[in-house]
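Residue numbers (my numbering): 481 to 601.
Note that the Cβ used here is the ideal one computed from N, Cα and C, for glycine as well.
Small disclaimer: the values here were computed from a predicted structure and weren't measured.
Data first, discussion second: the structure below is written as structure tokens.
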């Protein structure tokens with residue numbers, strides 16, 4: 481297990497709450513990335529299905545890079561990740577629906593200065 485993965489799991493474990501508490505959006509995204517499961521969430525008034533590939537920090541804010549498989553793409557060559565500020569997502573729900581990471585995902589952060597927290601392998 482890589483050092484980054486160990487750190488991410490330590491971070492995830494530190495966030496755990498008692499079972500009677502609802503998991504936070506951050507916890508749901510960590511689990512979705514680790515288990516390669518889709519997320520349903522509301523963003524700008526629309527419900528989206530997201531395949532999260534990585535969590536990262538930008539200017540002290542938490543973001544997720546995710547693929548929206550329900551988006552009307554012209555072709556598979558156009559498939560790409562969108563970056564969503566976690567604070568802008570609501571009604572986040574982890575599903576049991578699996579996803580395969582995009583073959584073009586190389587694990588790099590979107591911008592210089594972004595700090596990756598966790599990513600699919």
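Using DSSP with H/G/I as helix, E/B as strand and the rest coil, what is residue 558?
Start at 1 with the first residue of the chain shown, and residue 558 comes out as number 78. Reduced to three states, the DSSP call for residue 558 is helix.
How is residue 569 classed by DSSP in three states: helix, strand or coil?
Counting from one through the chain shown, the residue named residue 569 turns up at place 89. Looking at residue 569 - three-state DSSP - the assignment turns out to be strand.
Does residue 534 pass the burial test, meaning 16 or more other C-beta atoms within 10 Å, or should it be called exposed?
Along the chain shown, one-based indexing puts residue 534 at 54. Buried.
Taking the alpha carbon of residue 559 as the reference point, which residue from 540, 576, 581 has its own alpha carbon closest?
Residue mapping note: residue 559 aligns to position 79 of the chain shown, counting from 1. Closest option to residue 559, Cα to Cα, is 581.
By the DSSP assignment, the alpha helix (DSSP H) with residue 515 in it spans what residues?
Taking the chain shown and counting its residues from 1, the one referred to as residue 515 is at position 35. 505–515 is the span of the alpha helix (DSSP H), which, as asked, contains residue 515.
Under the three-state reduction of DSSP, which class applies to residue 582: helix, strand or coil?
Working through the chain shown from its first residue, we reach residue 582 at position 102. Coil.
Looking at the structure shown, is residue 588 part of a helix, part of a strand, or coil, going by DSSP?
Stepping through the chain shown from its first residue, residue 588 is reached at position 108. Here residue 588 sits in coil by DSSP.
Taking just the CA atoms, how far does residue 521 sit from residue 551?
Stepping through the chain shown from its first residue, residue 551 is reached at position 71. Stepping through the chain shown from its first residue, residue 521 is reached at position 41. Computed Cα separation, rounded: 14 Å.
Please report how far the alpha carbon of residue 576 lies from the alpha carbon of residue 546, in whole angstroms.
Taking the first residue of the chain shown as 1, we reach residue 576 at position 96. Taking the first residue of the chain shown as 1, we reach residue 546 at position 66. Spanning the two alpha carbons is a distance of roughly 16 Å.
For residue 508, is the classification buried or exposed, using 16 other Cβ atoms within 10 angstroms of its Cβ as the cut-off for buried?
Here residue 508 refers to the residue found at position 28 when the chain shown is read from its first residue. Per the 10 Å Cβ criterion, buried.
Out of 517, 539, 563, 554, point me to the one whose CA is closest to residue 523's CA.
Position 43 of the chain shown holds residue 523. It is 563 whose Cα lies nearest to the Cα of residue 523.
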